Amino acid sequence: MQTEDRLGHLLIIAATLFASLVFAIVSVATGGWSNRIQTSLLQFYQASGLLWAVGCVVLIILGIICLSLSAIILFARFFNHGKGRAILGGVLSIFSACVFIVSLGIFMGQETPQLATYGFSFALLWCAVIPAIIAGIVFFLLKVGWSNTHSKSKENLG
Numbered sequence: 182m183q184t185e186d187r188l189g190h191l192l193i194i195a196a197t198l199f200a201s202l203v204f205a206i207v208s209v210a211t212g213g214w215s216n217r218i219q220t221s222l223l224q225f226y227q228a229s230g231l232l233w234a235v236g237c238v239v240l241i242i243l244g245i246i247c248l249s250l251s252a253i254i255l256f257a258r259f260f261n262h263g264k265g266r267a268i269l270g271g272v273l274s275i276f277s278a279c280v281f282i283v284s285l286g287i288f289m290g291q292e293t294p295q296l297a298t299y300g301f302s303f304a305l306l307w308c309a310v311i312p313a314i315i316a317g318i319v320f321f322l323l324k325v326g327w328s329n330t331h332s333k334s335k336e337n338l339g
């Protein structure tokens, strides 16, 4: 049955999306980005007035929103709704990983390795990238698997 075949895919996507969301939320909410920035990026912006810190936070929040939308699409697929939305979920997951990478690139451009040692929150955001990419790839595999089983059932009817 098609739903049973996809249950493993759905559980993998759920686990990777959850891990990526947790890593991203914790990284944006906690301090310890580097040895020079011991507060969260928003608190650092309030103290220093450097606009790049707000840019990083806004990009991270955009990534969290995209991951949340992917989770909503996944939730709908658990109940056999949103059949054509697997590609959208995959694109949103991979887009959020790209947004995280851009945010990390901005941070690394401002806090170069020669000036600072990167900390816990920085590493957590890097850890959010890999599960988001994996979730996006499995979303695409879910769509490809559904298309193949759907076309095979049409061939059996005709």
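Per the working numbering, the sequence shown starts with residue 182, numbered consecutively.
Idealized CB from N, CA, C, for every residue including glycine.
Keep in mind that this is a model prediction, so the values were computed, not measured.
Original post:
Does the beta carbon of GLN295 fall short of 7 Å from some heavy atom of the ligand PLP?
Top reply: Looking for the ligand PLP in the displayed structure turns up nothing, as the structure carries no ligands at all.
Original post:
Who are the Cβ neighbours of PHE204 in its own chain at under 8 Å, not counting the five residues just before and after it?
Top reply: Position 23 of the sequence shown, counted from the start, is the residue given in the question as residue 204. Here the set comprises LEU305, LEU306, CYS308, ALA309, PRO312.
Original post:
Should SER221 go down as buried or exposed, given a rule of 16 or more other Cβ atoms within 10 Å for buried?
Top reply: Here residue 221 corresponds to residue number 40 of the sequence shown, with the count starting at 1. It is buried - the Cβ of SER221 has at least 16 other Cβ atoms within 10 Å.
Original post:
Considering only residues of the stretch 222–259, which uninterrupted alpha helix (DSSP H) runs meet the minimum length of 4 residues and lie entirely inside it, listed in chain order?
Top reply: 222–229, 232–259
Original post:
Below 8 Å between beta carbons: does that hold for LEU322 and LEU255?
Top reply: If you number the sequence shown from 1, residue 322 lands on position 141. If you number the sequence shown from 1, residue 255 lands on position 74. No, the Cβ-Cβ distance between LEU322 and LEU255 is not below 8 Å.
Original post:
Whose C-beta lies closer than 6 Å to the C-beta of PHE288 among residues of the same chain, with five residues either side of it excluded?
Top reply: The sequence position of residue 288 within the sequence shown is 107, counting from 1. So the qualifying residues of the chain are CYS237.
Original post:
Within 10 angstroms of its Cβ, does THR197 collect 16 or more other Cβ (buried), or is it exposed?
Top reply: Translated into the one-based positions of the sequence shown, residue 197 becomes position 16. That one is buried.
Subject >> Straight-line Cα distance separating LEU248 from LEU273 >> reply: For the purposes of this step, residue 273 is identified with residue 92 of the sequence shown, where counting begins at 1. For the purposes of this step, residue 248 is identified with residue 67 of the sequence shown, where counting begins at 1. Cα to Cα, the separation comes out at about 7 Å.
**OP:** Enumerate in chain order the residues of its own chain whose CB-to-CB distance from SER302 is below 6 Å, with the five nearest sequence positions on each side excluded.
**Re:** Position 121 of the sequence shown, counted from the first residue, corresponds to residue 302. If we look at SER302 and ignore the five residues flanking it on each side, its Cβ neighbours are SER208, THR211, GLY213, TRP214.
Original post:
Opposite SER215 in the DSSP bridges: which residues?
Top reply: By 1-based counting over the sequence shown, the position of residue 215 is 34. Note: SER215 sits in a beta bridge opposite TYR299.
Original post:
Hey, how far is the Cα of ASP186 from the Cα of ALA234?
Top reply: Translated into the one-based positions of the sequence shown, residue 186 becomes position 5. Translated into the one-based positions of the sequence shown, residue 234 becomes position 53. Per-residue confidence for ASP186 stands at a pLDDT of 43, beneath the threshold of 50, marking its modelled position as unreliable; the derived number appears in the next sentence. C-alpha separation (whole angstroms): 44 Å.
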